[in-house]
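One structure below.
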Amino acid sequence: MNMIEGINNLYKVFLRSCFLVFYLTTCLFVFGQQGSATNTITLEPVILESTKLNTPRQTLSQALTVYDFTDRQPYHQQLSLQEYLRQVPGLFTLNANNYAQDLRLSIRGFGSRAAFGIRGVKLVVDGIPETTPDGQGQVDNLPLPLLERIEVLRGPASSLYGNASGGVLYMTTIDSLQGDPVRFATLFGSYGMQSYQAQQYIKNEKTKLLLFQTVLNTNGYREQSQLKQRQFNAKLSHQFSPTSKLLWQLNYTSSPEAGDPGGLTLAEAEANRRQARQRNVDYDTYEKIAQFKTGLQWKKELMSGAEWNSYGFYSARDFYGKLPFKTGGIVDLFRNYYGLGTSLKKTKTNHRWHMGAEWAAQGDQRDRYENLNGDQGLQTLSQLEQFSAAALFRMDEIAIGRAWIRTSLRLDRQQIGLDNTATKQEFISFNPGLGFYHPLGSIMGWFANISSSFETPTLSELSANPTGAPGFNESLEPAKAQNYELGWRLKKGGSQIEAVLFYIRSSNEILPYELEAFPGRSFYENAGATQRYGLELQWEFQWQQWDGEVAFTQASYQFDAGELSGNALPGLPQQQAQLRLRYSTTSQWVFQLEGQHAGRFYADNSNAVAIENYQVLQGQVVKTIPFSGGTFSLLGGINNLLNTAYFDNIRLNAFGKRYYEPAPTRNFYFGLRLGI
Numbered sequence: 219m220n221m222i223e224g225i226n227n228l229y230k231v232f233l234r235s236c237f238l239v240f241y242l243t244t245c246l247f248v249f250g251q252q253g254s255a256t257n258t259i260t261l262e263p264v265i266l267e268s269t270k271l272n273t274p275r276q277t278l279s280q281a282l283t284v285y286d287f288t289d290r291q292p293y294h295q296q297l298s299l300q301e302y303l304r305q306v307p308g309l310f311t312l313n314a315n316n317y318a319q320d321l322r323l324s325i326r327g328f329g330s331r332a333a334f335g336i337r338g339v340k341l342v343v344d345g346i347p348e349t350t351p352d353g354q355g356q357v358d359n360l361p362l363p364l365l366e367r368i369e370v371l372r373g374p375a376s377s378l379y380g381n382a383s384g385g386v387l388y389m390t391t392i393d394s395l396q397g398d399p400v401r402f403a404t405l406f407g408s409y410g411m412q413s414y415q416a417q418q419y420i421k422n423e424k425t426k427l428l429l430f431q432t433v434l435n436t437n438g439y440r441e442q443s444q445l446k447q448r449q450f451n452a453k454l455s456h457q458f459s460p461t462s463k464l465l466w467q468l469n470y471t472s473s474p475e476a477g478d479p480g481g482l483t484l485a486e487a488e489a490n491r492r493q494a495r496q497r498n499v500d501y502d503t504y505e506k507i508a509q510f511k512t513g514l515q516w517k518k519e520l521m522s523g524a525e526w527n528s529y530g531f532y533s534a535r536d537f538y539g540k541l542p543f544k545t546g547g548i549v550d551l552f553r554n555y556y557g558l559g560t561s562l563k564k565t566k567t568n569h570r571w572h573m574g575a576e577w578a579a580q581g582d583q584r585d586r587y588e589n590l591n592g593d594q595g596l597q598t599l600s601q602l603e604q605f606s607a608a609a610l611f612r613m614d615e616i617a618i619g620r621a622w623i624r625t626s627l628r629l630d631r632q633q634i635g636l637d638n639t640a641t642k643q644e645f646i647s648f649n650p651g652l653g654f655y656h657p658l659g660s661i662m663g664w665f666a667n668i669s670s671s672f673e674t675p676t677l678s679e680l681s682a683n684p685t686g687a688p689g690f691n692e693s694l695e696p697a698k699a700q701n702y703e704l705g706w707r708l709k710k711g712g713s714q715i716e717a718v719l720f721y722i723r724s725s726n727e728i729l730p731y732e733l734e735a736f737p738g739r740s741f742y743e744n745a746g747a748t749q750r751y752g753l754e755l756q757w758e759f760q761w762q763q764w765d766g767e768v769a770f771t772q773a774s775y776q777f778d779a780g781e782l783s784g785n786a787l788p789g790l791p792q793q794q795a796q797l798r799l800r801y802s803t804t805s806q807w808v809f810q811l812e813g814q815h816a817g818r819f820y821a822d823n824s825n826a827v828a829i830e831n832y833q834v835l836q837g838q839v840v841k842t843i844p845f846s847g848g849t850f851s852l853l854g855g856i857n858n859l860l861n862t863a864y865f866d867n868i869r870l871n872a873f874g875k876r877y878y879e880p881a882p883t884r885n886f887y888f889g890l891r892l893g894i
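Just add 218 to wherever you are in the sequence shown, counting from 1, and you've got my numbering.
Right under this line is the structure:
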């Protein structure tokens, strides 16, 4: 695409954005007028943690979505993080039902390359990094029933979070139970789904402790897509003094069985959506994991009004998985991952600032064996893969009259090595950021932001050596991107609108491909430069007994160099629309409807295989019954209400055209919750 075409396309997007902003503003005015005549609702100011400066949402100079799940948890089936992210503009998820491969998530295209898990998007849980130093993220150990809040930074944020920060998911779990100190829940659903949960909250004058245990089993929609999982979570806080607090968290997850049904050809999927690929059955493909994670945080308020925050954490993950080929088709991996950080910040003045240092290290002992039709054969690879990262950062927000200017700087150094050898590959990256917010009257304002990201290949991507030899694929290079965005934000009564235009240039984009000799195994290559631009809109509203959200994304994600120039990046729809609508009655019935539209996208780099657009609806209902000793709730839901035949996952650039993993048809769940 040449520069003139790019400018013309951006102009078209700008015109669409002006029309849609005008339409949503009109809707907001109507709701605001009706609310003033009946029942006015005013949204409380939202203070953000993901920005590291306790920034009020209204004055933030970058695109962000934030959700509070305090009163929304009862509607969720709690099988996948996808359920909590359906209304985020610019964010696209796949693979919610292949529990061996985990959720695939992308923000403005970052993360779309992942063959499994999450790449290119930083995950943070309760202030502790969940993403490994090399950029890998899994959410199979995340205690979904405890999620209280998610902040989504929708764009590159390496000046805040370093490597693999094309976007950020900053998640907070509950640390107390309001009302009932003991809670039980059980859910049943289609395909043999069963979930049992227990929570207990203990507190005294200075200490709070929350304990959580869950058991989850499902047969899955497709053959060989079963899941068995057990989780235990503990979260403790102790107030040493009014100015000093210690936080401790522990998570243990055991999943002895998560099946992988594999990808199908289109003909196979049309013949029988529920079948597994025969080769996956023959090679008994599945994974089992056990993961332990613990972390400590200490927060101290100083006499100067600043706050000192230090943390340390350790995580161990034991993984065993079978893939549908012989040589190296069994992976036995043990990962140690640990780190610490310290920082000083001051946020209660017209000059908010935060500076600090972080360090983390990772060691993956990777052993591969022959897969002899499901039996373990000879060892084909054994290597210790190491990745370490150290960083210094500083960020400031300064008030200039009623406006705010934000600057951020971060210096990162990564080292990659094999088997404790002295020779290490080193990457050094310096990432600045600049943002500006200016109010336009009392209820609206505009903002601009320039940010960047860099993304090293992960250890699992480097170890996928297409030559078949031990060691790393040394031809892989880090991907880099520059992000520009211009936004407008309006807040009136119970409604808020955000409209954002973005433009991103990236180089050395990393994409997966497959080889005939290793069907089902992903390899990686740098695919050159890309160009991404688009419009994101979000409208959140509360009016009388109604509340909800509407989101819309119109974007272009294209290769911008080499033979693929002008082609769309695979796995990314150019258009998305989302809706959530909830109605609460005075008799404590709650009804909710959610809908998603995903536009057409491609399964391969050459754009020869198109995935057609689809629409999906979900419906939920909850009835709460208070009694003298606590509360009792009945809940139920329908997934894929329209019985749409769509695909839960598309395997990018899959060999033999086995791109397709069918999504479940219409299915149901119901449950009970008891608090005493």
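Where is the CB? At the ideal position from N, CA and C, for every residue including glycine.
All values reported here derive from a predicted model rather than from experimental measurement.
C-beta contact flag for residue i and residue j at 8 Å
i: Pro928; j: Thr771; result: Residue 928 falls outside the range modelled here, since the chain spans only 219 to 894, and no answer is possible.
i: Ser394; j: Lys424; result: no
i: Glu767; j: Gln760; result: no
i: Gly477; j: Ser443; result: yes
i: Leu892; j: Arg401; result: yes
i: Pro374; j: Ser626; result: no
i: Gln714; j: Glu754; result: no
i: Pro882; j: Asn316; result: no
i: Tyr751; j: Ser774; result: yes
i: Tyr864; j: Val834; result: yes
i: Ala769; j: Tyr820; result: no
i: Asn527; j: Ser561; result: yes
i: Arg818; j: Leu482; result: no
i: Leu694; j: Leu680; result: yes
i: Pro791; j: Ala607; result: no
Best match in the options for proximity to residue i [C-alpha to C-alpha]
i: Phe886; options: Ser376, Gly837, Leu870; result: Gly837
i: Pro788; options: Gly780, Gln633, Val827, Glu486; result: Val827
i: Glu781; options: Ser824, Gly848, Ser805; result: Ser824
i: Ser647; options: Met613, Phe819, Thr674; result: Thr674
i: Leu303; options: Asp289, Tyr285, Pro292; result: Tyr285
i: Gln305; options: Gln280, Gly345, Gln319, Arg372; result: Arg372
i: Pro650; options: Met613, Gly686, Leu636, Ile618; result: Met613
i: Asp344; options: Gln509, Tyr742, Ile392; result: Ile392
i: Leu939; options: Phe888, Thr883, Ile346, Val339; result: Residue 939 lies beyond the range of the chain shown here (219 to 894); nothing can be said about it.
i: Lys506; options: Arg535, Met389, Ser298; result: Arg535
i: Leu733; options: Gln792, Arg707, Phe873; result: Phe873
i: Ile174; options: Ser279, Ile265, Val264; result: Since the first residue shown for the chain is 219 and the last is 894, residue 174 is missing from the structure and cannot be characterised.
i: Arg624; options: Ala609, Ala666, Gln354, Leu708; result: Ala666
i: Leu297; options: Ala769, Leu445, Leu636; result: Leu445
i: Tyr538; options: Glu486, Thr560, Gly592, Ser459; result: Gly592
i: Tyr556; options: Ile325, Arg570, Gly581; result: Gly581
i: Ala416; options: Phe531, Thr350, Arg448, Asn858; result: Arg448
i: Leu429; options: Phe450, Arg440, Gln412; result: Phe450
i: Thr685; options: Met662, Thr545, Ala745, Ala333; result: Thr545
Check: residue i C-beta below 7 Å from any heavy atom of the ligand NAP
i: Tyr501; result: The model depicted lacks the ligand NAP and carries no ligand whatsoever.
According to DSSP, residues forming a beta bridge with residue i
i: Glu692; result: Looking at the DSSP assignment, Glu692 forms no beta bridge with any residue, so it has no partner.
i: Glu781; result: Paired residue(s): none; Glu781 is not in a bridge.
i: Gln396; result: Beta-bridge pairing links Gln396 to no other residue.
i: Tyr587; result: Ile548, Gln597
i: Ser533; result: Lys511, Tyr555
i: Arg401; result: Gln417, Gly893
i: Tyr285; result: Ile368
i: Arg750; result: Ile722, Tyr775
i: Ser606; result: Ala579, Gln633
i: Ser851; result: Thr842, Arg891
i: Gly407; result: Met411, Tyr887
i: Ile661; result: According to DSSP, Ile661 bridges with nothing at all.
i: Asn867; result: Glu879
Any chain C beta carbon closer than 8 Å to residue i
i: Arg367; result: The chain inventory of the structure shown lacks chain C, comprising one protein chain alone.
Touching by the beta-carbon criterion (3+ pairs, under 8 Å), the stretch 473-484 and the stretch 377-386 = no
Count the CB pairs spanning the stretch 728-746 and the stretch 261-276 that are closer than 8 Å, and state whether there are at least three.
-> no
Validate contact between the stretch 577-597 and the stretch 550-557 using beta carbons, cut 8 Å, 3 pairs = yes
The stretch 358-374 / the stretch 289-298 touching (three or more Cβ pairs under 8 Å) | yes
Does the stretch 714-724 come within contact of the stretch 696-705, defined as at least 3 CB pairs closer than 8 Å?
-> yes
Hey, which unbroken runs of the beta strand (DSSP E) at 3 residues or more fall wholly within the stretch 418-461?
-> 425-436, 445-459
Taking 8 Å as the threshold, find out whether the stretch 558-576 comes into contact with the stretch 597-604 through three or more Cβ pairs.
-> no
Cβ contact (3+ pairs, closer than 8 Å) linking the stretch 458-465 and the stretch 483-501 = no
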